[in-house]
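J.: Here UniProt numbering is used: position 50 in the sequence shown is 50, and no number is missing along the way.
I'd like to ask you about the structure that follows.
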Amino acid sequence: MYLNKIYFPLLLATIGISCSPNEKTTLKNKKINDTVHTHHIAEKKEKETPVIDKKESIIDADAVLVAFNKAIRTDVFSKELDFNYKNKLDGSIFDLERPILIGDLNDDHLDDAMMPFSIEGREGGNNWDAYYAVFINNGGVLEYQYSFSRGGDLSETLINFTSIKDGFIKGMEVPGNNSSKEESTPVDYMYRNTDLSEVATASE
Numbered sequence: 001m002y003l004n005k006i007y008f009p010l011l012l013a014t015i016g017i018s019c020s021p022n023e024k025t026t027l028k029n030k031k032i033n034d035t036v037h038t039h040h041i042a043e044k045k046e047k048e049t050p051v052i053d054k055k056e057s058i059i060d061a062d063a064v065l066v067a068f069n070k071a072i073r074t075d076v077f078s079k080e081l082d083f084n085y086k087n088k089l090d091g092s093i094f095d096l097e098r099p100i101l102i103g104d105l106n107d108d109h110l111d112d113a114m115m116p117f118s119i120e121g122r123e124g125g126n127n128w129d130a131y132y133a134v135f136i137n138n139g140g141v142l143e144y145q146y147s148f149s150r151g152g153d154l155s156e157t158l159i160n161f162t163s164i165k166d167g168f169i170k171g172m173e174v175p176g177n178n179s180s181k182e183e184s185t186p187v188d189y190m191y192r193n194t195d196l197s198e199v200a201t202a203s204e
């Protein structure tokens, strides 16, 4: 019992020495510093992670066809072309003509589009009239603007566009069914808010 009384205070003294207040503070500070250091590394990695920009929707032939099929069902299209796709007497849409033109029409560095189509058999006849539906890219969505009339079965000439390049819509004016002309003429057009406008070529 006497030995136990002697050794018990010595044991407490030993524990106190092995873990002094200074060492406790040092250990505490080390843990804090380690946490801060780890936080800075995480922050640095987060900053170094590249930010990936959201890509705009892809404008291709399929996207143009989807936009066109939506457009022909709108009141704007119906009033502009006097056409109701539900009414058989108003004719039917032929949309298999190509090429579908894709390019920047309004100088905003986004791809716009022009879709060739015709309305055939109005009032049950054999007549047809041809157009280009014009679409402007609004943040990846093709929005219908208007349709450009390029001729019909009774026209002397027809406009066939081939490309959109450097802000110009390039194509050919070709003889129609009732034309006395035999030669085709190159033409350039530009997009306007209300219609396509022909631009004089260098030869003119």
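Using N, Cα and C, we set each Cβ at its ideal position, and we do this for glycine too.
Could you please give me the residues that DSSP links to Ala130 through a beta bridge?
T.: Within the sequence shown, residue 130 is the residue found at index 130, counting from 1. Paired residue(s): Ser118 and Gly151.
J.: Could you tell me the boundaries of the beta strand (DSSP E) in which Glu80 lies?
T.: Looking up residue 80 in the sequence shown gives position 80. From DSSP, Glu80 is part of no beta strand (DSSP E) but of the alpha helix (DSSP H) over Asp75 to Leu81.
J.: Rounded to whole angstroms, what is the Cα-Cα separation between Ile169 and Gly124?
T.: The sequence position of residue 169 within the sequence shown is 169, counting from 1. The sequence position of residue 124 within the sequence shown is 124, counting from 1. One C-alpha to the other measures close to 33 Å.
J.: Taking the continuous alpha helix (DSSP H) assigned at Asn69, which residues delimit it?
T.: Residue numbering aside, residue 69 sits at position 69 when the sequence shown is read from its first letter. Asn69 -> alpha helix (DSSP H) spans Ala61 to Ala71.
J.: Determine the contact status of Leu105 and Tyr191, defining contact as a CB-CB distance below 8 Å.
T.: Along the sequence shown, one-based indexing puts residue 105 at 105. Along the sequence shown, one-based indexing puts residue 191 at 191. Closer than 8 Å, so yes.
J.: At which residues does the beta strand (DSSP E) containing Glu198 begin and terminate?
T.: Within the sequence shown, numbered from 1, the residue matching residue 198 stands at position 198. Glu198 -> beta strand (DSSP E) spans Leu196 to Val199.
J.: Just to confirm before moving on: does the CB-CB distance between Ile136 and Gln145 stay below 8 Å?
T.: Along the sequence shown, read from residue 1 onward, the residue named residue 136 stands at position 136. Along the sequence shown, read from residue 1 onward, the residue named residue 145 stands at position 145. Against a cut-off of 8 Å, the Cβ pair of Gln145 and Ile136 comes out as a contact.
J.: Pull up the distance between the alpha-carbon of Asn138 and that of Ala67, whole angstroms please.
T.: If you number the sequence shown from 1, residue 138 lands on position 138. If you number the sequence shown from 1, residue 67 lands on position 67. Straight-line Cα distance between these residues: approximately 12 Å.
J.: Could you give the first and the last residue of the continuous beta strand (DSSP E) run that contains Asp188?
T.: Taking the sequence shown and counting its residues from 1, the one referred to as residue 188 is at position 188. Counting along the chain, the beta strand (DSSP E) containing Asp188 begins and ends at Thr185 to Tyr191.
J.: Can you list, in chain order, the residues of its chain with a C-beta nearer than 6 Å to that of Phe77? Leave out the 5 residues immediately preceding and following it.
T.: In the sequence shown, the residue the question calls residue 77 occupies position 77. So the qualifying residues of the chain are Ala71.
J.: Where does Arg98 land, buried or exposed, given buried means 16+ other C-beta within 10 angstroms?
T.: Along the sequence shown, one-based indexing puts residue 98 at 98. It counts as exposed.
J.: Taking the alpha-carbon of Ile58 as reference, which of Phe161, Glu198, Gly140 and Ile164 has the nearest alpha-carbon?
T.: Taking the first residue of the sequence shown as position 1, residue 58 is located at position 58. Here the closest residue by C-alpha is Gly140.
J.: Thinking C-alpha only, which one of Glu143, Val134, Asp82 and His109 is nearest Ile119?
T.: By one-based count along the sequence shown, residue 119 stands at place 119. Among Glu143, Val134, Asp82 and His109, the Cα nearest to that of Ile119 is on Asp82.
J.: Straight-line CA distance for Asp62 to Thr74?
T.: Mapped onto the sequence shown, residue 62 falls at position 62. Mapped onto the sequence shown, residue 74 falls at position 74. Taking the straight line joining both Cα atoms gives about 19 Å.
J.: Using DSSP with H/G/I as helix, E/B as strand and the rest coil, what is Lys165?
T.: Here residue 165 refers to the residue found at position 165 of the sequence shown. It is a strand residue.
J.: Who are the near neighbours of Glu198 in its chain, counting only those whose CB is closer than 6 Å to its CB and skipping five residues on each side?
T.: Residue numbering aside, residue 198 sits at position 198 when the sequence shown is read from its first letter. Tyr189.
J.: DSSP puts Lys170 in a beta bridge; with which residues?
T.: Counted from its first residue, the sequence shown places residue 170 at position 170. DSSP lists Ser163 and Asp188 as partners of Lys170.
J.: Helix, strand or coil: how does DSSP classify Leu110 here?
T.: Residue mapping note: residue 110 aligns to position 110 of the sequence shown, counting from 1. Reduced to three states, the DSSP call for Leu110 is coil.
J.: Going by C-alpha distance, which of Ala200, Met115 and Leu89 is nearest Phe161?
T.: Sequence index remark: in the sequence shown, residue 161 carries index 161 (1-based). Taking only the C-alpha atoms, the option nearest Phe161 is Met115.
J.: Shortest alpha-carbon distance to Lys181 belongs to which of Ser163, Thr157 and Phe148?
T.: Mapped onto the sequence shown, residue 181 falls at position 181. The shortest Cα separation from Lys181 among Ser163, Thr157 and Phe148 belongs to Thr157.
J.: Going by the beta-carbon positions, is the gap between Trp128 and Asp153 smaller than 8 Å?
T.: The residue given as residue 128 occupies position 128 in the sequence shown. The residue given as residue 153 occupies position 153 in the sequence shown. Contact flag set, yes.
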